[in-house]
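See below for the structure under consideration.
Protein chains: 2
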Amino acid sequence: MQNEQVRQGSQPSRRSWLYLFMVAIGTTMGVAGTLIGVAVMGKPSEAVAQEKKALKLDEGLIALDTDDGQRLLDESKAKQSYVPLSMYFTTQDNLAYCGAASACMVLNATGIERPVSPEHKPFRLFTQTNLFNPKVCEVIAPEKVRKGGMPLKTLGEVLACYPVKVEAVHASETDLPTFRKSAIEVLKSRDSYLVVNYLRKSIKQESGGHISPIAAYHEGEDRFLIMDVSRYKYPPVWVKAEGLWEAMKAVDSDSDKSRGYVIVRHAEK
Amino acid sequence: MQNEQVRQGSQPSRRSWLYLFMVAIGTTMGVAGTLIGVAVMGKPSEAVAQEKKALKLDEGLIALDTDDGQRLLDESKAKQSYVPLSMYFTTQDNLAYCGAASACMVLNATGIERPVSPEHKPFRLFTQTNLFNPKVCEVIAPEKVRKGGMPLKTLGEVLACYPVKVEAVHASETDLPTFRKSAIEVLKSRDSYLVVNYLRKSIKQESGGHISPIAAYHEGEDRFLIMDVSRYKYPPVWVKAEGLWEAMKAVDSDSDKSRGYVIVRHAEK
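Residue numbers (my numbering), protein chains in the order written: chain A, 19 to 287; chain B, 19 to 287.
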């Protein structure tokens, strides 16, 4: 018995190869499982080390859940988007999915036919997973968005994969009065939605490029209400139109063009 | 060689057992992987076969995004919960997580310190994953909720794992006028939230036991606004107090007690 083992050890049989192969498969799957586990759960020590308390809001911004924030909403004459968007308000699934989350909110709000959501089968809802249908994946792969988000034009192209009319405008192509006028028109209508792409640090938030829908406009204060999809960072805020416009004029290094806005309208209207 | 194989086949060596063991592990992991894949992605053919168009709303219910629904919200004098809840309105992660989703909405709305969200590290938000901290897992395991949801008392116990004051009331222990009075008081306050547990079919919805927060009350119509966390099924609806109360009186077969409501208040107030 001992001799046989020695012989097989030095000249592996087909069975021994299979055995090694299975060990390798098992080890690989074990390592993969551990890595997935760590990726999903995070290492507790790391989470504690990196955790942040709530971010402070700059004084120039008005949070929706303050007395002033609610008063502005009550007084707004251009808030048709608010209820439909808040009904589908959602948190971006990961740090780069602001565009995907904004697209889902708007598509759900429009009332167009929704895809089946695998987690809620047989029911239907746009989610940040099923948004990426084969047509959208031809525009941009979810893995790519997960790594670097999506620039303005791509957001427009993603939305245009669904039966809605889409208009994507770089801030450099127009001016604040034109944007304000278009935005108010959209926010007074039940058939259209506005999504903005802006540089956070320009409105004194933390910190990079961001995308979120706009739900309302307050004329007296000249402020827009941003439904910020990073709900782990900030509440919805009322921002001065001029501040938002400056943040939309900032150049996106991914596209080398300014940021801007997307208007989504019902296709049949 | 052939003899050896025959011999080993009838009298397996330790190495053969190891080989069989690895094959078994490999097969099990393969099957598990396939099952997980199917569970996550769904079989396309199945999804198509089972998919449902949008559910119709019974005429006795008023959707928030209709003219009447918005008018009721405008007119409501007991809607302090609406803005904070809508800021954290969320879809239940799976068909049984209505209680988990409702708990997250309320906990986020209270403004108590939030746990780090692994997907948004280092930022913080109550999610239907991190809600299940070790203390909550002692009350109920997420796997158990995933299979059968959670009854009223368990929802109360889950919420009580966080620094809030919790009052869970079975409908059988009180009456509609008492509930209505408590509910209005909660909805007029900025420091408290109301979650209801009711039988859907009793208000002519599809179909079983359900949990969702209440955001507002309209006195003239005697209706409550349910922020339905099954956003893949129904919009938020205004339901008659009496209809909701009947649905809350229905017995939950899991607990053999009636359903009811949970009031969540800031702990320090």
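From the three backbone atoms N, C-alpha and C, an ideal C-beta is built for every residue, glycine too.
If you're wondering where the values come from, they're calculated on a predicted model, not measured in any experiment.
Exercise for the section: Could you check how far apart the C-beta atoms of Ala265(A) and Tyr216(A) are, in whole angstroms? I think they sit under 8 Å. Expected result: 4 Å
Exercise for the section: Could you spell out where the beta strand (DSSP E) holding Ser99(B) opens and where it closes? Expected result: Neither: Ser99(B) is in no beta strand (DSSP E) and is coded neither H nor E.
Handout entry: Within 9 Å, strictly: CB atoms of Trp256(B) and Glu239(B)
Key = yes
Exercise for the section: Assuming Gly278(B) and Val187(B) form a contact by the criterion Cβ under 8 Å, report the distance between their Cβ atoms to the nearest whole angstrom. Expected result: 5 Å
Problem - Distance, His138(B) Cα to Leu73(B) Cα - result: 33 Å
Handout entry: Cutoff 9 Å: Thr109(B) Cβ touching any chain A Cβ
Key = yes
Problem - Contained beta strand (DSSP E) runs [length at least 3] in the segment 226 to 286 of chain A, N- to C-terminal order - result: 227 to 236, 241 to 244, 255 to 258, 278 to 284
Problem - Of the listed residues Glu260(A), Tyr252(A), Ala189(A), Glu175(A), nearest to Val269(A) (C-alpha basis) - result: Ala189(A)
Exercise for the section: Could you tell me how far apart the beta carbons of Thr108(B) and Met123(B) are, in whole angstroms, since I believe they sit closer than 8 Å? Expected result: 6 Å
Handout entry: Any alpha helix (DSSP H) of 4 or more consecutive residues that is wholly inside the segment 73 to 141 of chain B
Key = 85 to 93, 100 to 105, 116 to 128
Handout entry: Coarse secondary structure for Glu191(B), derived from DSSP in three states
Key = helix
Exercise for the section: Go to Leu170(B), then tell me how far its alpha helix (DSSP H) extends in each direction, as first and last residue. Expected result: 170 to 177
Practice task
Mind reading off the beta-carbon distance from Tyr235(A) to Leu194(A)? Whole number of angstroms is fine, and I expect it under 8 Å.
Solution key: Wrong, their Cβ atoms sit about 13 Å apart, outside the cutoff.
Handout entry: Distance, Leu149(B) Cα to Gly227(A) Cα
Key = 29 Å
Exercise for the section: Taking 9 Å as the cut-off, decide whether the C-beta atoms of Ile232(A) and Gly78(A) are in contact. Expected result: no
Exercise for the section: In the DSSP assignment, find the alpha helix (DSSP H) that holds Arg164(A) and state where it starts and stops. Expected result: 160 to 166
Exercise for the section: From the DSSP output, read off the bridge partner residues of Asn289(A). Expected result: Missing from the structure shown is residue 289(A); chain A here goes from 19 to 287 and no further.
Exercise for the section: Determine the DSSP secondary structure at Leu143(B), reduced to helix, strand or coil. Expected result: coil
Problem - Glu224(A), DSSP secondary structure in three states - result: coil
Practice task
Enumerate in chain order the residues of its own chain whose CB-to-CB distance from Ala259(B) is below 7 Å, with the five nearest sequence positions on each side excluded.
Solution key: Leu194, Arg198, Asp240, Arg241, Phe242
Practice task
For the beta strand (DSSP E) containing Ser210(B), list its first residue and its last residue.
Solution key: 210 to 217
Handout entry: Counterpart residues of Val184(A) in DSSP-defined beta bridges
Key = Val282(A)
Problem - Neighbour list for Gln223(A) in chain B, Cβ cutoff strictly below 9 Å - result: Neighbours of Gln223(A) on chain B: none; closest Cβ ~13 Å, over 9 Å.
Problem - CB-CB length for Val282(B) against Thr128(B), believed under 8 Å - result: 7 Å
Handout entry: Best match in Leu113(A), Lys97(A), Ser99(A), Thr84(A) for proximity to Tyr250(A) [C-alpha to C-alpha]
Key = Leu113(A)
Handout entry: Coarse secondary structure for Ser200(B), derived from DSSP in three states
Key = helix
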